[in-house]
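As they're listed, the protein sequences go chains A and B. Just so we're aligned, residue 303 is where the first sequence starts under my numbering, counting upward by one. Just so we're aligned, residue 301 is where the second sequence starts under my numbering, counting upward by one. Backbone N, C-alpha and C fix where the C-beta goes; we use that ideal spot for every residue, glycine too. Keep in mind it's a predicted model, so treat the numbers as computed, not measured.
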Amino acid sequence: MSPELAAVRPGYDLRVNGIHDMGGMHGFGPVVVETNEPVFHAPWEGRVRALVSLALGSRIANVDAFRHAIERLDPVEYLSAGYYGRWLGALELLVHDWRARGESLETGGADTLRAVATPARFAPGDAVRTRNLQPTGHTRLPGYARGKRGIIARVHPSFVFPDTNAAGLGENPQWVYAVRFDAHELFGTGAEPNACVHIDLFESYLEPEPSDV
Amino acid sequence: MSDHDEHDHDHDHGDHDHEHDPAARRTALRVGALETLLTEKGFVQSAAVDAIIRHYEQDIGPMNGARVVARAWTDPAYKRRLLENATAAVAEFGFGGAQGEHLVAVENGPRVHNVIVCTLCSCYPWPVLGLPPTWYKSPAYRSRVVREPRAVLREMGLELPESVEIRVWDSSAEVRYLVLPEQPADASGLDESALANWVTRDAMIGVGKPHAPERR
Chain A
303 MSPELAAVRP GYDLRVNGIH DMGGMHGFGP VVVETNEPVF HAPWEGRVRA LVSLALGSRI
363 ANVDAFRHAI ERLDPVEYLS AGYYGRWLGA LELLVHDWRA RGESLETGGA DTLRAVATPA
423 RFAPGDAVRT RNLQPTGHTR LPGYARGKRG IIARVHPSFV FPDTNAAGLG ENPQWVYAVR
483 FDAHELFGTG AEPNACVHID LFESYLEPEP SDV
Chain B
301 MSDHDEHDHD HDHGDHDHEH DPAARRTALR VGALETLLTE KGFVQSAAVD AIIRHYEQDI
361 GPMNGARVVA RAWTDPAYKR RLLENATAAV AEFGFGGAQG EHLVAVENGP RVHNVIVCTL
421 CSCYPWPVLG LPPTWYKSPA YRSRVVREPR AVLREMGLEL PESVEIRVWD SSAEVRYLVL
481 PEQPADASGL DESALANWVT RDAMIGVGKP HAPERR
C-alpha cells in the first residue's frame, strides 16, 4: 500500500515491520510462568480491558484498527508497558484518531466473517508460497513466514481483510487458510526436528507453488 | 493514630495498592481520563465496566474448556462434533462470544502434539479458556515457541520425544484454537465431571498435559 493511507486517517502510521512481529526473534530469554496468577494484576487493567470492549462495541474503531494501534506504539513502550499498558496506549490513539476524523463511527458489523462471491482458490494439500509482502500499515502475514513454501492444511471461511480494514480502506473479505510450514522451511537447518508451524493466512498472501509431485 | 491515618492505611489495600508509585498513578490517571471522556460521549457507563470486569474474572476461564474436553473424552459423538465444528460444539454448553466465534479444536495423539500461540499479538479463545496468562502474552513465548517449541515445552515441564510431531498453530487471523489433549491412562473409568478436574489450562494451550487434580 501507499502513502495515501496517511491521508485516509490523520496520524496514520505506516510502520509494519514492527516490534510486535516477534515470531522467531531471539533474545527474550526464558518463558517466565507466574503461579496463581490473577486475571488482572491491578484494578486499572480490568478497567482498560472493559473500556476497549465498550469503545470497539460502540464502533469508534474496528478490531483491526485496534490491533494496528497497538503496533503503532513506540517500540520501547510496546516492550515496557505490558499487555494492558499496550491496550491503554492503543485506545488513546484510537480515541485521538476518532476525534481527529470528526467523531464518525465505523459502519461494519462486530463479527469479521464475510461471504465472498468467488470460490476458494486453494484446497487442502495444495502447495503454496507466501508472497514477500512488505506492506506499509497493518498485516497479518508474520515476517518469519514471508516468501516461504507451505501446504494448505485447512480451508477456513472468508473473513474481513485486516490489511485494508485497519486503515479504513474497506473490508475486502478473502478466504483464509491454515497453511502448514515445515520448521526447516521457516528457520533453516538449525530448526528442531519433526516440527511444523500452521499459520492462518489470507488468500492474497499466497501464490501457487509448483509441486514436486 | 488519628482517623485520618486509618483511612490512609485502608487505602493501601485493593484499588489503591499502587497509589504511591508515580508510574502507577500516572497510568491510573490516563485510564480515568479515557473513562471520563468515553462516558461523556455516551459509550461507557460505570456499571457496564464493572460487569465486564466481573465477567472476565468470574464467568469465563479454563473451567469452561475443561468441561468441553471432558465431554469429548467420554462421548465419542460429541468428540466428532467438536473436531468437525468446535464453535457449534462448545455452544452446546452455552459458551461463545468474543474471540470464540470461529473455534477449531486440534487433537493430540501418541504421534502428534499441538501447541497454540499468537506471535503478532496475543489471540486466545476467551470463551473456553478465559483471558490469557501473562506468559502467553510475553515476548519470550511469542518469539520462541514457533522457532524452538521443544525447548520451550521442555522449560515448561513437558519433554516430548522426537518421534512426536509438534504442530504449532500461530493464530494470525480470526480463528481461535483449542487443543484437545489425550485422556491420561490413569484417568480411565472416571465420569465427565470428575475428568473435567484433570483438564488444565496449559493442556488446552498445549504446553502441559492433563493430570490428576491436586488434593486440597
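Here B/Ala386 is actually not in contact with B/Leu495; their C-beta atoms are around 18 Å apart, not less than 8 Å. The way I'd put it, the region 363 to 382 of chain A does touch the region 400 to 413 of chain A; three or more beta-carbon pairs between them come closer than 8 Å.
With its beta carbon at least 8 Å from every one in chain B, A/Ala422 lies outside the interface.
Judged by DSSP secondary structure, A/His458 falls outside any alpha helix (DSSP H) and instead within the beta strand (DSSP E) spanning 451 to 461.
Taking 8 Å as the threshold, the shortest C-beta distance from B/Trp426 to chain A does not fall below it. For B/Pro461, there are no CB contacts under 6 Å within the same chain when 5 residues up- and downstream are skipped. In its chain, beyond the 5 residues on either side, Pro459, Phe461 have a beta carbon closer than 7 Å to the beta carbon of A/Leu415.
For B/Ser463, the CB contacts under 8 Å within the same chain, skipping 5 residues up- and downstream, are Arg411 in chain order. In this structure the region 316 to 330 of chain A touches the region 445 to 452 of chain A; the number of beta carbon pairs closer than 8 Å is three or more. Leaving aside the five residues that flank A/Ile454 on each side, the residues in its chain whose CB is nearer than 7 Å to its CB run, in chain order, Phe424, Ala425, Pro426, Gly427, Asp428, Val430, Tyr479, Val481. Using a CB distance cut-off of 8 Å, B/Ala366 does not count as an interface residue toward chain A. Per DSSP, the unbroken alpha helix (DSSP H) holding B/Ala351 starts and ends at 346 to 354. Contact annotation: in the region 437 to 449 of chain B, residues whose CB is within less than 9 Å of a CB in chain A are Lys437, Ser438, Pro439, Ala440, Tyr441, Arg442, Ser443, Arg444, Val445, Val446, Arg447, Glu448, Pro449. Note that the C-beta distance between A/Pro437 and A/Asp399 is not below 8 Å.
The three-state secondary structure of A/Pro510, taken from DSSP, is strand. Taking A/Cys498 as the centre and dropping the five residues before and after it, the same chain places the C-beta of Arg482, Phe483, Asp484, Ala485 closer than 7 Å to its C-beta, in chain order. Around B/Thr434, the beta-carbon contacts reaching into chain A at under 9 Å are Val334, Val335, Glu336, Glu339, His343, Gly384, Tyr385. Closest option to A/Leu503, judged by alpha-carbon separation, among A/Glu487, A/Asn496, A/Trp477: A/Trp477. Going by DSSP, A/Thr432 is part of the beta strand (DSSP E) stretching over 429 to 432. When Cβ pairs closer than 8 Å are counted between the two stretches, the region 374 to 393 of chain B is seen not to touch the region 439 to 446 of chain B, the count staying below three. Contact annotation: the region 427 to 440 of chain B touches the region 396 to 403 of chain B, with at least three C-beta pairs closer than 8 Å. Where B/Trp426 is concerned, the enclosing alpha helix (DSSP H) starts and stops at 426 to 429.
Residues of chain B with a Cβ closer than 7 Å to the Cβ of A/Thr414 are, in chain order, Glu474.
The beta carbon of A/Ala363 sits closer than 8 Å to those of Ala357, Ala371, Leu396, Asp399, Trp400, Glu408, all from its chain and outside the five residues before and after it, given in chain order.
In this structure, the straight-line span from the alpha carbon of B/Val344 to that of B/Met363 is close to 29 Å. Taking 8 Å as the threshold, the shortest C-beta distance from A/Val378 to chain B does not fall below it.
DSSP lists B/Tyr477 as the bridge partner or partners of B/Val404.
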